[in-house]
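Novice: Numbering (the numbering used here), first residue to last: 1315 to 1829. Here's a structure for you.
Here is the structure:
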């Protein structure tokens, strides 16, 4: 392995939208490949044509592009030396048949002619016999129709007549299978727990078990990274490499821990009720017309999404949580991937986006916010929009929250926070608002510092504490009782707008209280 070039693949099936768990598998593969100057490949494993979903392949490609974890070769990213990268196209090369024929010839695979009805009957017999996990294995195959129980003449006749058959792996009855996982260490499984996997289906297409091994060999893949769910199948894959005499070509295995539900109980599903999306982009499933929102459409930055995913199951060994992609590449190792599942935390996920939002310049945020303003018919001065972004970003997780938190910068309030009015509005407050309005009309420089000084001086002159009138003053200007730094807001609105708003509030709020 030391002399092999580092080559990792992400090999999803086009059977639906790319769940965030799949993106994490791609991310970890990408990070390791880039850290070691290797290759990252996108291979589409579409051998199961019955589960093919239109649009899924394009969705996978677009998701990887948005996330910024683009392969340097593969479907949608340009051919490399091992094209094609769709398994359905690779079948035409005859490579899967070549390897399965080798297994047949060496006695490590066999033909099975069992019908669906015969397979169902076998399972029912095993269930009736209280077998915990009924499967086609070294015991049950002895009573089935296959080339191990039929004579050579019978097998030849069946094949000559076109009787459908599959090719199965011949798993030994009682043998210890050992393999090393770079996340989990040594794994030991008895072959009695492994079923005789179908390698080639009756339509001639390879199953995952055969196809991914052949393609990993042919594409010289150095590391196979996949979800924990594939761990039970790994012993069969070890046997295939062994029976092909290609154990030295076998990639290092890394089975990633599950992403768990918010409460830590069970695997996170695409229908999770946490309130956050489970897919990188919006996905509409044509099979049941179900619609799932994406992280992109919910206002997440791709960098924040990727940073969050990296921390689900991996840790750098330090307290650092915010990583650029370059920093992730430098810090990543499979040795620091946890064995146990990683709990998904919706609030922490939003926190990541908030950190990336704060790191963006006001000009960048204004560029993102401006189209939202245009949708509302507002065309403001670009510099003014930048200054609004500067004030409202500290309390926001997403750019789309800027309108909710700062619409009053663009539209003067017509309603006022009733709770604040009830608690804070009285004759003294009204007199203060009137007095500070007059003071502002004569303020020489309408800066945050100057307007705050005038505010405090007016309150002191009237025998009021600034805290007694500050929230009501804010409500008069914005309509709401909370928001960004008050006097920076005053400066940005400007003298004429502030005076007008205060006079309007005086005329509007007082009659409401009197009634």
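Built from N, CA and C at the ideal position, the CB exists for glycine as well.
Looking only at C-alpha atoms, which of 1513, 1465, 1399 and 1380 sits nearest to residue 1410?
Specialist: 1513
Novice: Looking at C-beta atoms only, is the number of pairs between the segment 1540-1559 and the segment 1411-1425 that lie closer than 8 Å three or more?
Specialist: yes
Novice: Is residue 1816 buried or exposed, if buried means 16 or more other CB atoms sit within 10 Å of its CB?
Specialist: buried
Novice: Is the beta carbon of residue 1508 closer than 7 Å to that of residue 1548?
Specialist: No, the Cβ-Cβ distance between residue 1548 and residue 1508 is not below 7 Å.
Novice: Specify, as a first and last residue, the run of the beta strand (DSSP E) that residue 1598 falls within.
Specialist: 1597-1599
Novice: Could you pull out every residue in the same chain whose Cβ sits closer than 8 Å to the Cβ of residue 1318, ignoring the five residues on either side in sequence?
Specialist: 1534 and 1536
Novice: Can you check which of these residues, 1460, 1407 and 1440, is closest to residue 1429 by C-alpha distance?
Specialist: 1460
Novice: Which term fits residue 1591, buried or exposed, when burial requires 16 or more other beta carbons within 10 angstroms of its beta carbon?
Specialist: Around the beta-carbon of residue 1591, 16 or more other beta-carbon atoms lie within 10 Å, marking it buried.
Novice: Could you check whether residue 1383 and residue 1423 sit closer than 7 Å to each other, using their CB atoms as the reference points?
Specialist: It is not a contact, given that the beta carbons lie outside the stated cut-off.
Novice: Residue 1813 and residue 1754 - do their beta-carbons sit closer together than 7 Å?
Specialist: yes
Novice: To the nearest angstrom, report how far apart residue 1595 and residue 1666 are at their CA atoms.
Specialist: 18 Å
Novice: With DSSP run on the structure shown, which of helix, strand or coil describes residue 1315?
Specialist: Confidence at residue 1315 is low in this model, with a pLDDT of 49, below 50, so the placement of that residue should be treated as unreliable; the coordinate-derived value is given next. Three-state result, residue 1315: coil.
Novice: Does DSSP put residue 1739 in a helix, in a strand, or in coil?
Specialist: coil
Novice: Is it true that the CB of residue 1354 sits closer than 7 Å to the CB of residue 1386?
Specialist: Taking 7 Å as the cut-off, the Cβ atoms of residue 1386 and residue 1354 count as close.
Novice: Run through DSSP, which three-state label would residue 1589 get?
Specialist: coil
Novice: For the segment 1435-1497, which segments carrying the beta strand (DSSP E) assignment without a break, of at least 3 residues, lie completely within its bounds, in sequence order?
Specialist: Within the segment 1435-1497, the complete beta strand (DSSP E) segments of 3 residues or longer fall at 1480-1483 and 1490-1495, listed in chain order.
Novice: I'd like to confirm the pairing. Which residues does DSSP put opposite residue 1567 in its beta bridges?
Specialist: 1495 and 1538
Novice: I need the DSSP call for residue 1504, collapsed to helix, strand or coil.
Specialist: strand
Novice: Residue 1512 bridges to which residues according to DSSP?
Specialist: 1482
Novice: Quick one: measure Cβ to Cβ for residue 1772 and residue 1794, integer angstroms, because I've assumed they're closer than 8 Å.
Specialist: With a contact defined as Cβ atoms closer than 8 Å, residue 1772 and residue 1794 miss out at about 22 Å.
Novice: Would DSSP call residue 1692 helix, strand or coil?
Specialist: coil
Novice: Contact between the segment 1799-1811 and the segment 1711-1718: three or more CB pairs below 8 Å?
Specialist: no
Novice: Can you tell which of 1581, 1646, 1671 and 1576 has its C-alpha closest to the C-alpha of residue 1613?
Specialist: 1671
Novice: Assign residue 1487 to buried or exposed, taking buried as 16 or more other Cβ atoms, counted over all protein chains shown, within 10 Å of its Cβ.
Specialist: In summary, residue 1487 is exposed, with fewer than 16 beta-carbon neighbours lying within 10 Å of its beta-carbon over all protein chains present.
Novice: Can you say whether residue 1451 is buried or exposed, counting buried as having 16 or more other CB atoms within 10 angstroms of its CB?
Specialist: Using a 10 angstroms sphere on the CB of residue 1451, the tally of other CB atoms reaches 16 or more, which defines it as buried.
Novice: For the 8 Å Cβ check, are there 3 or more pairs between the segment 1347-1366 and the segment 1318-1331?
Specialist: With a cut-off of 8 Å, the segment 1318-1331 and the segment 1347-1366 count as touching, because enough Cβ pairs lie within range.
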